Every structure is written in C-alpha cells, then in structure tokens.
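Number of protein chains: 2
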Amino acid sequence: MKTYLDCFPCFLRQILDSARVADLSEAQQYELLQRVLVEAQRYDMSYTPSEMSSRIQEMVRQVSLSVDPYRRAKDHSTRQALALLPRLKELVRRAPDPLEVAVRLSIAGNIIDHGVVKEFDLESTIERVLREPFAINHLSALRVALTRCRNVLYLADNAGETVFDRVLIEQLPVPVTYVVKAAPTVNDATLEDAIAAGIHEVATIVDNGSDALGTLLYRCSPEFVERFWAADLIIAKGQANFESVDGSGAPAFYLLQAKCEVVSKHLGVPQYGIVLKHEPPRLGVVERELQNESARTRP
Amino acid sequence: MKTYLDCFPCFLRQILDSARVADLSEAQQYELLQRVLVEAQRYDMSYTPSEMSSRIQEMVRQVSLSVDPYRRAKDHSTRQALALLPRLKELVRRAPDPLEVAVRLSIAGNIIDHGVVKEFDLESTIERVLREPFAINHLSALRVALTRCRNVLYLADNAGETVFDRVLIEQLPVPVTYVVKAAPTVNDATLEDAIAAGIHEVATIVDNGSDALGTLLYRCSPEFVERFWAADLIIAKGQANFESVDGSGAPAFYLLQAKCEVVSKHLGVPQYGIVLKHEPPRLGVVERELQNESARTRP
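If you're matching them up, the sequences are chains C and G in order. Going by the working numbering, the first sequence opens with residue 1, and the numbers climb by one from there. Going by the working numbering, the second sequence opens with residue 300, and the numbers climb by one from there.
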C-alpha cells in the first residue's frame, strides 16, 4: 500500500506519541518533530507508510538512547492477554466453528497497537469482534488453503496480540513458523515477547532480521526473504504487515482491524472493520499455462 | 495561547480538509501539504495556533483561486440554524434563567466549526449543552459585568453560529456591536453571513478589517483595534478568538466548546467541555492605586 496524503498528519502524531512514551523532554520532542518535517518533505509517496513509521521509531530510539522504549507497555500487554488466555481457549473449545472463533480472536488481539491507537478496551473489543460480521471475509478460502499447504508462515504484529495468535495457531492443522522482529520497534513482538506468550510451545519462532514495522523485505535477512518466497501460505497480522506485503504477490491472508482511516478507506471497510483478506498469488507463466491446459482438456 | 507541539499534526489535517472542501486535485493537495511542511519548520511556537491556521486558509484560497471555498457550507449552516430559531427562542422564553439558557445556546452553536470538526450533529449538541454542567462557569461574573458596562463588543465566530448568537444578543441589556471578518476564512462569519442570520436587527455589525482566524490585532484595522481597547466588555466566541485574545488583558468573556484536545488540555477541561471563562482585565497603575487607597481608607 502506498502512502496517502492523510498519513502525514499521522506521522507527526506518531513521533510525538512515541517521544512521550520514551519520556523525552519538550525540547527533544520539538527536535524530533522538526526532523520528521524535513523527512516528510522529501518522502517518496510510493513507499508504504510503514517506511516512515519505521524511520520515526529509529529517530526516537536514537534521541532517547533507549533500544526499547515500549518495553513496559509490551510486558503489560502480554500479562493482560495471558490473564485472558483460559477464557479465549474456552471460547474456541465451545465454538461450533473453532477456526472461525480462533481467527476472530486473533483479529481481536490486533487492537493492542500502540502505533495507531493510544487507548483501547481489550475485553469489549473481544466481544465486538466475536459478534460483528467480517468487513472482508475470505474464511472459506483460508479453510481450503489450510488443507493444501504444508506449513504456515505467520507474520506476527504486536506483543500481547501474540497470546491471541497462539490460540489461532493451536487450531491450524499444519506446522507454523512464527515470525517476529529481530529488534524492538514500537510494541511489535520480538523473540522475548513471543516466548513470554508461550508461542514456542506451539510454533517455531524465527526473526525476520529487521527492526522495521511490517515486513519490508529489503530490510529483512536473506534467510527470511528466502523463507518468505518459499512459503505456500502466509498469515500476516495487522496493518503494517498488510501495508508492506499487500501487492507483493505472496500467498497471504491478512488478518487485521482497519484501525486507521487511511487503511480502512484503502480496503473499503468501516473503521475498526474486521478483515480477513486473501491475496491470491500472482500466477507465473508455467502455472497459467497449466491452468489453461486443464481448462482446455476439461470434458 | 501559544502553539503546542500537538497543533502540528492538526495543521497538516487542516490543509488537507480545506483543500478538499475547495475541490483541489490530489496534486494540489500535495503541493499545499509541502508548503505547510516548509512553513511548519520555521514556525515560531510563541505564535497562537490561529496564525498558522490563517496562513493555511490563505494558501488554499491562493491555490484554488476561490475567495470563499466554504460559501456553500456557510449558507447551509445558516439555513439549518435559522430553521431552529423559533425553538431556540422558545427555550429562552420558557427558561427560569433566560440569560443562562441563551449563553448555553450560543455555546451550543459553536459546534458549527469546519476548521476543527468535520461532522457534527447540531440537535444533539443543543440538548447536550443545555443539560451538561459548565466545565468553566463564570456566569455570575458575566451577570455583574453586564450591569456595569455601557455596551458589548461581540467577537463572532462561524456562520450559522451567528443565529445562536442572535438569541444571546436579544438577552443582553446593553447595545451590542457584532464583529465579523472583513473577508472569508474557513466558515467564519462575514457581514453577509451575519445579515443572513438577522444580526442587523439586534446589533450593529462591524468588521475587524482582517481575514485571519480569531482576532489577530496586528492584522485588524486601526478603527477596530481602537474599538477593541475601548470596549468595557467583550464576548469572544469560539476557539480561535480564545487562542488569540486570551492573555491580552482585554476584559473578555470566552464562550466556547473546547473541541480540540490542545485547547481542552490548555483550559484543563474535558474535550467538548462547555466553557464560559472570564479574563479579568489587567489593572493599570492608576486603577491599582485607587484600589490600594480604597483598601487603606476602609474603616
């Protein structure tokens, strides 16, 4: 997803929010705001918004001399989510359609996003996301895809949301590789956060070699990029992964709440709409030929 | 009121909102956004936010070649408010305290502000503002001041809000001079808008010689500035008048809803809080002496 003009006011908001989380002084906040104003002037609109958001987090880490300003917020979110875990598991166990409920819960957990929303009510979000119709619903495609894939590459989003991911992973019929950030950015999950949520009990955890928001492939490790393109099914959580992976042609299912106005407009859904969106892989020449052939030879 | 860091994201939002009201293309919106980024870099934080907001409106008028992009919105607001006028008058007529209800209605009308809020529900705002306690309530000081002044200088805010002002003006016991902008900016009231609301039937209308938001005295006409400093009671409507007049030492009562987060924090009230705030005039040397003398000679 490219950057929209409406992302710019939000970039300024992000730098102020993050500078305050890092306990920076008014003067430091002003300095950072000035830096973003400069970068915004030469910003290429064809970049995804995650590029600028990643730069913003780098600036805050530089000025604050803190590698992980959201550490406390992340620990709090994980604890809060873990306290709900028995209830979440029970909801799935009792569901007539456990996969759907697990998908919904994983999307509910996406509300824990300190980059986009400052305040949220986790419990009421769970209730809402369990009840509300999907704004985009490619659940049946996901069901089919899960029967055909050998494994799932699961692109994680935020700490705490990890606990909700765990509930979904437990419902997946194939081995899962859970991808976290190699170093902290906003409240995105790192290895430490994934382990705190118990993901290591249900999946293999790898990092993507990057500390950028979402999945900016040119900033990821060669090992991860290879894994990414080899994946036959990707579950990508949250806005930043959607912004950065959408349009790449990867066989991805995007699970998110469209929390910001720009993303919700781009997707054509109401704000906070529940999205389970499938991006079918672009067919290569060989695949297209095979498909044509099977169409021609159909009785 | 000085500019806060949180005003900057809002400046970018303002330029986009106003460019769209003026039907500017995506490319023109981008150009204007770039201009605001440049101006924001060299912006003096001791200015009031109204300075930048005024610049933003100038830019939109320049690029759109329209002197009054909000004309249609203003006419709509005035018609909408005029349709409510009989009910507003009836509410005041039946009130045990007509001045309080008229003040509340005038503050309710302050929701019609296309610079700060894009959408609002006028009817539910009236109900809320009639019911809710004041966040700042200097009504008794206003009552006293009205018995002591010879006339009132009433600084208008938006078109449509003018109709609500008319209801308050009818309750004031002294002649009122109603001050509008000399030329259009956002949906601020000009002479045309004041007349459409019937203000000429209840007050003398003058303009302040300026097309800036609020009351930036250095941009007003010498006639108006003289009138301003000679006033013994000023009623100043809305955020921009508060931002620009507050701290000047003028004998002003500010009537507004604190619609934006920055103003509400500055005032220490909840967002959308109902404010009737008195700024007592700074005493001159002579007045202070007289006061001291009367204190000394008190029996």
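Note that beta-carbon positions come from the ideal geometry of N, C-alpha and C, so glycine has one too. In this text the structure is predicted, and so the values were computed from the model without any measurement.
Residue i and residue j closer than 8 Å at C-beta
{"i": "Ser-221 (chain C)", "j": "Gly-209 (chain C)", "result": "yes"}
{"i": "Asp-157 (chain C)", "j": "Ala-189 (chain C)", "result": "yes"}
{"i": "Asn-187 (chain C)", "j": "Gly-214 (chain C)", "result": "no"}
{"i": "Lys-277 (chain C)", "j": "Ile-136 (chain C)", "result": "yes"}
{"i": "Gln-356 (chain G)", "j": "Thr-484 (chain G)", "result": "yes"}
{"i": "Cys-448 (chain G)", "j": "Val-473 (chain G)", "result": "yes"}
{"i": "Ala-401 (chain G)", "j": "Gly-459 (chain G)", "result": "no"}
{"i": "Asp-193 (chain C)", "j": "Thr-162 (chain C)", "result": "yes"}
{"i": "Leu-155 (chain C)", "j": "Ile-235 (chain C)", "result": "yes"}
{"i": "Tyr-4 (chain C)", "j": "Val-262 (chain C)", "result": "yes"}
{"i": "Ser-66 (chain C)", "j": "Ala-22 (chain C)", "result": "yes"}
{"i": "Val-129 (chain C)", "j": "Glu-170 (chain C)", "result": "no"}
{"i": "Gln-340 (chain G)", "j": "Val-38 (chain C)", "result": "yes"}
{"i": "Leu-16 (chain C)", "j": "Asp-305 (chain G)", "result": "yes"}
{"i": "Leu-404 (chain G)", "j": "Ile-425 (chain G)", "result": "yes"}
{"i": "Leu-452 (chain G)", "j": "Val-479 (chain G)", "result": "no"}
{"i": "Leu-390 (chain G)", "j": "Ser-363 (chain G)", "result": "no"}
{"i": "Phe-228 (chain C)", "j": "Ala-250 (chain C)", "result": "yes"}
{"i": "Glu-216 (chain C)", "j": "Ser-54 (chain C)", "result": "Checking the sequence shown, residue 216 (chain C) turns out to be Leu, not Glu. Cβ distance < 8 Å, so Leu-216 (chain C) and Ser-54 (chain C) count as in contact."}
{"i": "Phe-463 (chain G)", "j": "Gly-546 (chain G)", "result": "no"}
{"i": "Ala-300 (chain C)", "j": "Leu-88 (chain C)", "result": "Because chain C here runs from 1 to 299, residue 300 (chain C) falls outside it and cannot be looked at."}
Test: residue i CB closer than 8 Å to a CB of chain C
{"i": "Pro-393 (chain G)", "result": "The displayed chain sequence assigns Arg, not Pro, to residue 393 (chain G). Not one chain C Cβ lies under 8 Å of Arg-393 (chain G)."}
{"i": "Gln-333 (chain G)", "result": "yes"}
{"i": "Leu-490 (chain G)", "result": "no"}
{"i": "Leu-315 (chain G)", "result": "yes"}
{"i": "Pro-569 (chain G)", "result": "no"}
{"i": "Phe-541 (chain G)", "result": "no"}
{"i": "Phe-419 (chain G)", "result": "no"}
Listed by chain order, chain G residues near residue i by CB distance under 7 Å
{"i": "Tyr-30 (chain C)", "result": "Leu-304"}
{"i": "Phe-8 (chain C)", "result": "Leu-311, Leu-332"}
Per-residue burial, residue i [other beta carbons within 10 Å of its own, 16 or more giving buried]
{"i": "Glu-223 (chain C)", "result": "exposed"}
{"i": "Ser-50 (chain C)", "result": "buried"}
{"i": "Tyr-218 (chain C)", "result": "exposed"}
{"i": "Met-45 (chain C)", "result": "exposed"}
{"i": "Lys-259 (chain C)", "result": "buried"}
{"i": "Arg-465 (chain G)", "result": "buried"}
{"i": "Gln-257 (chain C)", "result": "buried"}
{"i": "Ala-230 (chain C)", "result": "exposed"}
{"i": "Pro-9 (chain C)", "result": "buried"}
{"i": "Glu-100 (chain C)", "result": "buried"}
{"i": "Thr-204 (chain C)", "result": "exposed"}
{"i": "Lys-118 (chain C)", "result": "exposed"}
{"i": "Lys-301 (chain G)", "result": "exposed"}
{"i": "Thr-147 (chain C)", "result": "exposed"}
{"i": "Glu-243 (chain C)", "result": "buried"}
{"i": "Pro-96 (chain C)", "result": "exposed"}
{"i": "Pro-385 (chain G)", "result": "exposed"}
{"i": "Ala-83 (chain C)", "result": "exposed"}
{"i": "Pro-368 (chain G)", "result": "buried"}
{"i": "Gly-567 (chain G)", "result": "exposed"}
{"i": "Glu-143 (chain C)", "result": "Before going on, a small fix: residue 143 (chain C) reads as Arg here, not Glu. Result: exposed."}
{"i": "Arg-13 (chain C)", "result": "buried"}
{"i": "Ser-77 (chain C)", "result": "buried"}
{"i": "Ser-18 (chain C)", "result": "buried"}
{"i": "Glu-578 (chain G)", "result": "buried"}
Listed by chain order, chain C residues near residue i by CB distance under 7 Å
{"i": "Leu-336 (chain G)", "result": "Leu-37, Ala-40, Gln-41"}
CB contact below 8 Å: residue i versus chain G
{"i": "Leu-12 (chain C)", "result": "yes"}
Partners in chain C for residue i, counting only beta-carbon separations shorter than 9 Å
{"i": "Phe-527 (chain G)", "result": "Correct list: empty, because the minimum Cβ distance to chain C is about 32 Å."}
field: Under 9 Å (Cβ pairs) to chain C, residues found in the stretch 344 to 357 of chain G
entry: Met-344
- request: For the stretch 160 to 183 of chain C, enumerate the residues whose C-beta is nearer than 8 Å to any C-beta of chain G, in chain order.
  value: none
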